[in-house]
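Okay, so here's the structure we're looking at.
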Amino acid sequence: MALIHSKFNFLEQRWWKPKYDERDAQYYISEINRLQEAILSTLEGETELMLGYIKLHQKRYLIECISAESDVNLNFEIVEQLLNKTNSDPYLSRLTKKVQNLYDTIEYIFPTIFFPNLPMNCFTPLFAQQLHQQVGGNGLIDNAGQYRTTFAKPAQEDFCYMDPTLIEKELEKLFRQCRENFEGGDLKLEEAVKFSACFLAHFLYIHPFMNGNGRVARLLLSYLLSNFTVVPLSLYTGDIYLDCLREAQRYHEPPFKPSALATFILENVHLTSHNICATLDIGY
């Protein structure tokens, strides 16, 4: 069965947008391509400016992810304080470890350039395990990097993740199909977003780890779309993202069509490029 495919449409009417917003998928695709061209042509050789923006973006992404998962109110000042605490302190709080681990992981896998087009040969289940080890390091997550061996389900939902005995086999299939579809680097934006939506929904349904799956999944999504956006890719509105994900997971059996999730990801790729232009005063 093809887990990764593009045989579905983006939503014509997004239920999270007002009806008067008539921007469709083709609008976003053409705008993303235009914005990316403007960014690259304007910032050619501006290494220091790009580096400054990317560092700011990474911390904004970190605030978004940690706040959504931990139900805490982070800001740039708090993040800076947490990042400056020494790792050798045995009494670091869980929040400090979570912030430091995620930031170190972001710096480890993503180069400080726009649209880096990362290689696919290392996109494997082992890579996901390594990311989980980093995200869950410093004693934050027990057995970091190890697949779960018990059943699990989301809190307060009548839904179970994949049988743990199937995790290894299904991950191998998922990552292999992803590599096959992404290798070569000549994918169009529309296909890349659809493939990525399939990957994200299936990875989170497989739910390979007992904890930290969301952070790892977001990083892997960003890796897949690195040719089209500044990474890591923000999914700015947490509630909408979760609703789109729930819709995709309810219908993970064939015919699998994560239309809402793909449309939401496409919007956020556009928003990320738009924010670069607005912040750096790039005319387009």
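The sequence shown begins at 1 in the UniProt record's numbering and counts up one residue at a time.
Glycine is no exception: its CB is placed at the ideal position from the N, C-alpha and C atoms.
Measure from the alpha carbon of PHE110 to the alpha carbon of each residue in ASP239, ALA248, ILE265 and LEU224, then state which is nearest. Working through the sequence shown from its first residue, we reach residue 110 at position 110. For PHE110, the nearest C-alpha among the options comes from LEU224.
Assign GLY139 to buried or exposed, taking buried as 16 or more other Cβ atoms, counted over all protein chains shown, within 10 Å of its Cβ. Working through the sequence shown from its first residue, we reach residue 139 at position 139. Counting the other CB atoms within 10 Å of its CB gives GLY139 a total below 16, which places it among the exposed residues.
Cβ-based burial, TYR20 [other Cβ within 10 Å; buried from 16]: Counting from one through the sequence shown, the residue named residue 20 turns up at place 20. Exposed is the call here.
Apart from the five residues just before and just after PHE10, which ones in its own chain have a Cβ nearer than 7 angstroms to its Cβ? The residue you call residue 10 lines up with position 10 of the sequence shown. Closer than 7 angstroms at Cβ, skipping near neighbours: ALA25, SER259, ALA262, THR263 and LEU266.
Can you tell me which of the three DSSP states residue 290 falls into? Residue 290 lies beyond the range of the chain shown here (1 to 284); nothing can be said about it.
First through last residue of the alpha helix (DSSP H) which encompasses TYR27: Along the sequence shown, one-based indexing puts residue 27 at 27. Per DSSP, TYR27 belongs to the alpha helix (DSSP H) from 25-43.
Less than 8 angstroms separating the beta-carbons of GLY45 and ASN101? Stepping through the sequence shown from its first residue, residue 45 is reached at position 45. Stepping through the sequence shown from its first residue, residue 101 is reached at position 101. Going by C-beta atoms, GLY45 is not nearer than 8 angstroms to ASN101.
Under 8 angstroms between the Cβ atoms of VAL216 and LEU131? Translated into positions along the sequence shown, residue 216 becomes position 216. Translated into positions along the sequence shown, residue 131 becomes position 131. Contact: yes.
Is it true that the CB of LEU233 sits closer than 8 angstroms to the CB of ASN268? Position 268 of the sequence shown, counted from the first residue, corresponds to residue 268. Position 233 of the sequence shown, counted from the first residue, corresponds to residue 233. In contact: ASN268 and LEU233 (Cβ atoms closer than 8 angstroms).
Might you give, ordered along the chain, the residues of its own chain that have their beta carbon closer than 8 angstroms to the beta carbon of ALA38, omitting 5 neighbours on each side? Taking the sequence shown and counting its residues from 1, one reaches residue 38 at position 38. Taken in chain order, the residues that qualify are CYS277, ILE282, GLY283 and TYR284.
Classify PHE76: buried if its beta carbon has 16 or more other beta carbons within 10 angstroms, exposed otherwise. Position 76 of the sequence shown, counted from the first residue, corresponds to residue 76. Exposed, because fewer than 16 other Cβ atoms sit within 10 Å of the Cβ of PHE76.
Beta-carbon proximity list for THR149, same chain, < 6 angstroms, skipping 5 on both sides: Residue numbering aside, residue 149 sits at position 149 when the sequence shown is read from its first letter. Around THR149: PRO164.
Could you compute how far the alpha carbon of ALA144 sits from the alpha carbon of GLY212? What you label residue 144 is simply residue 144 of the sequence shown in a count that begins at 1. What you label residue 212 is simply residue 212 of the sequence shown in a count that begins at 1. Approximately 9 angstroms, taken between the alpha carbons.
Given this structure, state the Cα-to-Cα distance separating ARG14 from THR86, to the nearest angstrom. Along the sequence shown, read from residue 1 onward, the residue named residue 14 stands at position 14. Along the sequence shown, read from residue 1 onward, the residue named residue 86 stands at position 86. Near 45 angstroms, if we compare the C-alpha coordinates of THR86 and ARG14.
What first and last residue would you give for the alpha helix (DSSP H) that runs through GLU80? Reading the sequence shown from its first residue, position 80 is the one you call residue 80. Residues 76-83.
Grouping DSSP H, G and I as helix and E and B as strand, with all else coil, what is ASN101? On the sequence shown, position 101 is the one that residue 101 refers to. Looking at ASN101 - three-state DSSP - the assignment turns out to be helix.
What separation, rounded to the nearest whole angstrom, lies between the Cα atoms of LEU200 and ARG218? In the sequence shown, the residue the question calls residue 200 occupies position 200. In the sequence shown, the residue the question calls residue 218 occupies position 218. Taking the straight line joining both Cα atoms gives about 8 angstroms.
Could you tell me whether the stretch 177-187 touches the stretch 120-129, where touching means 3 or more Cβ pairs closer than 8 angstroms? yes
Mapping DSSP to helix, strand and coil, what is ILE54? Within the sequence shown, numbered from 1, the residue matching residue 54 stands at position 54. Residue state, collapsed to three classes: helix.
Only counting runs of 3 or more residues, tell me where the beta strand (DSSP E) segments fall wholly within the stretch 147-196, in order along the chain. none
Start and end of the alpha helix (DSSP H) containing GLU247? Numbered from 1 along the sequence shown, position 247 holds the residue referred to as residue 247. 238-250 is the extent of the alpha helix (DSSP H) around GLU247.
Within 10 Å of its beta-carbon, does LEU49 have 16 or more other beta-carbons around it, so buried, or fewer, so exposed? The count along the sequence shown starts at 1 and reaches residue 49 at position 49. Looking at its Cβ environment, which holds fewer than 16 other Cβ atoms inside 10 Å, LEU49 is exposed.
For GLY137, which three-state DSSP category applies? Mapped onto the sequence shown, residue 137 falls at position 137. Of the three classes helix, strand and coil, the one that applies to GLY137 here is coil, per DSSP.
Candidates ILE113, PRO18 and THR96, of which the one nearest SER226 by Cα: Position 226 of the sequence shown, counting from 1, holds the residue named residue 226. Looking only at ILE113, PRO18 and THR96, the smallest Cα-Cα distance to SER226 is reached by ILE113.
Could you check the C-alpha separation between LEU235 and LEU118 for me, to the nearest Å? Here residue 235 refers to the residue found at position 235 of the sequence shown. Here residue 118 refers to the residue found at position 118 of the sequence shown. Computed Cα separation, rounded: 20 angstroms.
From the DSSP output, in three-state form, read off ILE4 for me. For the purposes of this step, residue 4 is identified with residue 4 of the sequence shown, where counting begins at 1. Three-state result, ILE4: coil.
For a test of the three-state rule: what should DSSP assign to TYR20, helix, strand or coil? Against the sequence shown, residue 20 aligns to sequence position 20. Of the three classes helix, strand and coil, the one that applies to TYR20 here is coil, per DSSP.
Among the candidates GLU12, ILE29 and SER30, whose CA atom is the shortest distance from the CA of GLU22? Walking along the sequence shown from the start, residue 22 turns up at place 22. When each option's Cα is compared against that of GLU22, the closest is GLU12.
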